[in-house]
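Read the structure below first, then the notes.
What follows is the structure in structure tokens.
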């Protein structure tokens with residue numbers, strides 16, 4: 242075979258063809274070789290007839306990347322498929338690591354393209370309601386490549402800071418205590434009745450969705466194909482839908498037809514937004530409150546409080562035009 | 242018009258038609274009415290000819306949801322379009338809030354469907370390399386609906402816990418100091434040369450990508466259409482690509498052809514994974530180290546250390562079959 246080879250890292254989304262992007266379909270269609278974990282190969286079976294197929298087991302990520310590079314060096318177009326998004330705990334990282342190791346650069350004859358897709362957190366969220374309407378994190382509970390203290394520190398930090406959290410790789414046949422430890426860390430900061438949704442095989446034939454709460458999470462049926470979504474302190478479940486409010490109730494009176502609350506303006510920062518908060522901070526400090534007291538009251542580090550107090554802010558900022566946003 | 246109405250919350254991805262899912266295209270095709278922010282309406286102009294179009298400004302999310310419900314109650318099929326994913330800071334949340342307020346339940350004649358798509362973090366990551374190969378967070382710097390101390394606490398927590406972070410709504414004409422404060426909070430925990438990528442209008446006509454570092458981040462050209470990606474402590478930029486290693490180097494000797502490191506096994510948890518770490522912890526405690534000393538050494542809360550020490554772990558766990566994972 243002649244001509245330059247290409248490696249396309251293709252995120253196929255949750256697994257049903259209709260939730261795949263056009264570019265993902267096209268990338269698979271134009272490939273000579275398709276490489277992937279056996280389960281993912283099955284999900285795109287209809288699209289790969291007549292192509293060379295290289296099936297790999299779950300732990301052979303680096304092998305998959307090496308095989309892709311070999312085929313591309315031989316002039317072939319290779320689709321390296323990941324479920325969800327190729328960049329989210331997917332093949333994009335290991336592939337670049339292998340390519341760099343082999344001396345590849347972007348000037349190389351072998352081209353690389355990453356085709357983004359909806360990750361598990363996007364598709365699971367769509368199935369359970371609207372849990373990701375506010376700040377969120379993804380944490381993998383797999384300790385096959387990550388030391389447990391690193392994972393535990395992350396769980397602790399985001400539980401404390403009230404993020405919505407998606408747990409990837411929550412449990413396997415061998416790894417059963419990680420989810421128990423995650424629950425333990427979360428319960429230090431969050432209410433026991435915090436809503437939790439567990440989505441197994443979302444948008445696939447065996448899709449299964451369970452709603453539970455933080456204190457019962459570890460007893461639920463969770464496996465390798467599950468994603469666990471833990472709400473923040475405002476997340477609620479109503480009529481079987483998990484919803485995290487965006488914060489409209491901070492600005493608008495939702496009961497009263499959406500009138501703006503006193504002191505708030507549509508299209509402007511909240512009165513407790515950055516500039517309003519800096520004003521409050523300066524007033525409190527001027528009234529004699531110490532930096533340490535302010536740090537405790539606002540639950541932020543003292544040296545951060547001190548630094549913001551020291552930097553004057555320009556009142557003119559507030560006069561600039563707002564393009565508008567939520 | 243007769244028949245039951247439907248509201249479809251459609252995530253159109255980054256904006257180019259080829260990165261939209263088939264279901265997103267189909268949902269728009271089968272709709273009678275398309276509602277969205279003017280910019281998003283322009284992005285799908287080719288797909289909506291002949292349909293009723295309701296253009297809304299950026300701050301009118303609740304209005305968009307109310308209009309959608311009115312049209313659906315009149316028996317129309319409505320596509321409420323969001324850029325990226327409809328569930329990630331998108332219209333899914335506000336829509337359910339408005340529907341619940343109006344007494345809607347899933348048994349209502351008006352059906353609701355959420356169509357997931359690639360969010361800004363997925364598409365920006367694909368354009369800059371492979372930054373999301375390990376745990377990550379999304380934080381919106383907009384204080385229009387969220388008090389600044391909430392945002393600041395989240396920035397502080399994830400900077401400390403070494404997440405890769407995607408900043409949404411980093412800056413606007415009026416909101417210019419939020420990114421400076423975010424930088425200040427990050428620099429308390431992260432190296433000044435931490436890689437940062439700023440992606441503006443990814444996959445759109447005016448796409449612009451800038452690589453910078455944490456200490457220069459606030460001086461970069463950032464606007465309403467930018468997403469800011471901040472790496473973790475292992476993220477590097479090589480040949481113009483931002484990559485976060487998955488952790489293979491913890492288990493394999495990447496220089497030596499990928500041989501497994503001493504004490505590590507392919508397909509098994511790291512020696513510093515949960516069970517190995519618990520063993521270490523118990524040995525250190527048995528040797529006389531206090532809970533407080535262990536907490537400081539492992540940088541985890543003392544009460545968490547105490548609780549894990551108190552719970553015995555079953556050696557039999559290690560004998561279960563591993564399906565394999567990364």
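Protein chains in written order, with our numbering: chain W, 242 to 567; chain X, 242 to 567. C-beta atoms are modelled at their ideal positions from N, C-alpha and C, and glycine is treated no differently.
Exercise for the section: Report back the beta-carbon spacing between residue 378 of chain W and residue 404 of chain W to the nearest angstrom; my notes put them in contact at under 8 Å. Expected result: Right, the Cβ-Cβ distance comes to about 5 Å (below 8 Å), so this counts as a contact.
Handout entry: Cα-Cα separation, residue 428 of chain X to residue 544 of chain W
Key = Within the model, the alpha-carbon separation for residue 428 of chain X versus residue 544 of chain W is close to 12 Å.
Practice task
Could you say which of W/476, W/328 and W/450 lies nearest to residue 369 of chain W if we only look at CA atoms?
Solution key: Out of W/476, W/328 and W/450, the CA that lies nearest to the CA of residue 369 of chain W is found in W/450.
Practice task
Work out the CA separation of residue 332 of chain X and residue 293 of chain W for me, nearest whole Å.
Solution key: Whole-angstrom Cα-Cα distance: 42 Å.
Practice task
Could you check the C-alpha separation between residue 311 of chain W and residue 530 of chain X for me, to the nearest Å?
Solution key: In this structure, the CA atom of residue 311 of chain W is about 51 Å from the CA atom of residue 530 of chain X.
Practice task
Answer yes or no: does any C-beta atom of chain X fall closer than 8 Å to that of residue 451 of chain W?
Solution key: Chain X, which has no Cβ nearer than 8 Å to the Cβ of residue 451 of chain W, makes this no.
Exercise for the section: Can you give me the Cβ contacts of residue 295 of chain X inside the same chain, cut-off strictly under 6 Å, excluding the 5 residues immediately before and after it? Expected result: Cβ within range, chain order: 276 and 308.
Exercise for the section: Identify which residue in X/250, X/392 and X/338 has its Cα closest to the Cα of residue 539 of chain W. Expected result: Distance from the Cα of residue 539 of chain W is smallest, within the candidate group X/250, X/392 and X/338, for X/392.
Handout entry: Given residue 481 of chain X as reference, the closest of X/437, X/519, X/518 and X/399 once Cα atoms are compared
Key = Selected option, being the one with the closest Cα: X/437.
Practice task
Please specify which runs of the beta strand (DSSP E), each continuous and at least 3 residues long, are wholly inside the stretch 346-410 of chain X, giving them in chain order.
Solution key: Within the stretch 346-410 of chain X, the complete beta strand (DSSP E) runs of at least 3 residues are 352-356, 377-381 and 405-409.
Exercise for the section: Give the single residue among W/360, W/401 and W/266 whose Cα lies nearest to the Cα of residue 444 of chain W. Expected result: If we check each option's Cα against that of residue 444 of chain W, W/360 comes out closest.
Problem - Contact check, residue 401 of chain X vs residue 430 of chain X, beta carbons under 8 Å - result: Judged by their CB atoms, residue 401 of chain X and residue 430 of chain X are nearer to each other than the 8 Å cut-off.
Exercise for the section: Give, in chain order, every residue of the stretch 374-388 of chain W whose Cβ lies closer than 7 Å to some Cβ of chain X. Expected result: Here the close residues are 374, 376, 377, 378, 379, 380, 381, 383, 384, 385, 386, 387 and 388.
Exercise for the section: With DSSP collapsed to three states, give me the class of residue 473 of chain X. Expected result: Coil at residue 473 of chain X, not helix or strand.
Exercise for the section: Helix, strand or coil for residue 293 of chain X, going by three-state DSSP, please let me know. Expected result: Three-state result, residue 293 of chain X: strand.
Handout entry: From W/345, W/354, W/297 and W/509, residue whose alpha carbon lies closest to that of residue 247 of chain W
Key = With distances taken between Cα atoms, residue 247 of chain W lies closest to W/354.
Problem - Simplified DSSP state of residue 436 of chain W, which is helix, strand or coil - result: Residue state, collapsed to three classes: strand.
Problem - Opening and closing residue of the alpha helix (DSSP H) in which residue 277 of chain X lies - result: For residue 277 of chain X, there is no enclosing alpha helix (DSSP H); the enclosing beta strand (DSSP E) covers residues 274-278.
Exercise for the section: Mark residue 561 of chain W as exposed unless 16 or more other C-beta atoms lie within 10 angstroms of its C-beta, in which case mark it buried. Expected result: Caution applies to residue 561 of chain W, whose pLDDT of 42 falls short of 50 and renders its modelled position unreliable; the model cannot decide the point.
Problem - Of the listed residues W/259, W/304, W/249 and W/283, nearest to residue 270 of chain W (C-alpha basis) - result: Its Cα nearest to that of residue 270 of chain W, the residue W/249 stands out among W/259, W/304, W/249 and W/283.
Handout entry: CB contact check: residue 352 of chain W to chain X, cutoff 8 Å
Key = Judged by the 8 Å Cβ criterion, residue 352 of chain W is not in contact with chain X.
Handout entry: Cβ-Cβ distance between residue 484 of chain X and residue 371 of chain X below 8 Å
Key = The answer is yes: Cβ separation under 8 Å.
Practice task
Taking only heavy atoms of the ligand GTP into account, decide whether any of them is closer than 7 Å to the Cβ of residue 496 of chain W.
Solution key: The model depicted lacks the ligand GTP and carries no ligand whatsoever.
Practice task
Consider the Cβ of residue 281 of chain X: report whether some Cβ of chain W lies at a distance smaller than 8 Å.
Solution key: Chain W, which has no Cβ nearer than 8 Å to the Cβ of residue 281 of chain X, makes this no.
Handout entry: Proximal residues of chain W, C-beta to C-beta of residue 259 of chain X below 8 Å
Key = Near residue 259 of chain X (Cβ distances below 8 Å), the residues of chain W are 262, 263, 264 and 267.
Exercise for the section: Give the straight-line distance between the Cα atoms of residue 338 of chain X and residue 541 of chain X, rounded to the nearest whole angstrom. Expected result: Answer to the nearest angstrom: the Cα atoms are 38 Å apart.
Handout entry: Enclosing alpha helix (DSSP H) for residue 517 of chain X [first to last residue]
Key = First-last of the alpha helix (DSSP H) with residue 517 of chain X: 515-527.
Practice task
Kindly indicate if chain W contains any beta-carbon less than 8 Å away from that of residue 288 of chain X.
Solution key: Interface flag for residue 288 of chain X against chain W is unset, since no Cβ pair is found closer than 8 Å.
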